[in-house]
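As structure tokens, the structure follows; a few thoughts come after it.
Residue numbers (full-length UniProt numbering): 1 to 290.
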């Protein structure tokens, strides 16, 4: 079934997709976007609700708070600016000399109205540009790359766990569309969770964080590592012998935000390699449950 993705807004609750009408009224007087000085607050929220069950290496975190009473508020959204997953991505899109970061996570709880995304993202970007500056008082990260994953995820029983998304919020915020990232193969755990390429790489090379990745694989049903088994050999065996499913991924959609003065943003935008037209909302997607 084909659905109009511009008519609905994706939300999350305990790692499951929910939906709100996109043009639903949103009262900004009830909300505020503020820095989260303690990364743990953002991490707990993301790990509880985001479909991936993972948290990136954060540079800065911001929270969307809803006022629920006199001097009372509730955290209902988190925005994370993070260390780039692909350090050479800036160069790949024409910005080799520009310092950049990723919009690593942007998640709103299902109680937040459908019109909230652009309002929240605009304020988070402004705060990030103001609070993280270089010695010349210019944004420390003039380029921010954002990725949207269009590939749905199902668990081992075939139940849809993630619908995929095409970055409609980034289009609404007038982000520059840079095209698709590299095609690749991904591995899904029985619950539909994707195994992180970065985490698997750490385990293959024995880098910092390898022990945590090993524990994650074991929790998903991977075999026990044999004594003396080389790092890379174990990862290969775990993926082949464990309950993991390979899926061919066509590449995430990539968007860019530019920060700084109008002249700076225009100059940077002129150097970026564009990806043609925005992805269309008429792409086939599973209809939301009713």
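Here a beta-carbon is modelled for each residue, glycine too, at the ideal position from N, C-alpha and C. Just so you know, these numbers come straight off a predicted model, no measurement behind them.
Residue 234 holds the alpha-carbon nearest to the alpha-carbon of residue 210 among 187, 234 and 227. The closest CA to that of residue 264, considering only 103, 81 and 138, is found on 138. About 7 Å separates the Cβ atoms of residue 178 and residue 255, confirming a contact at the 8 Å cut-off.
Around the C-beta of residue 29, fewer than 16 other C-beta atoms lie within 10 Å, and the residue is accordingly described as exposed.
The straight-line gap separating the alpha-carbon atoms of residue 205 and residue 51 is approximately 27 Å. Looking from the CA of residue 181, the closest CA among 208, 146, 203 and 198 belongs to 146.
Its Cα nearest to that of residue 126, the residue 33 stands out among 33, 89, 242 and 193. Shortest Cα-Cα distance from residue 186 to any of 134, 249 and 260 involves 249. Of all C-beta pairs linking the stretch 111-130 to the stretch 82-90, fewer than three are shorter than 8 Å, placing the two stretches out of contact. With fewer than 16 other Cβ atoms from the protein chains shown falling within 10 Å of its own Cβ, residue 227 counts as exposed. The C-alpha of residue 190 is placed about 12 Å away from the C-alpha of residue 160.
Separation of residue 80 and residue 203 (C-alpha to C-alpha, rounded to the nearest whole angstrom) is 25 Å.
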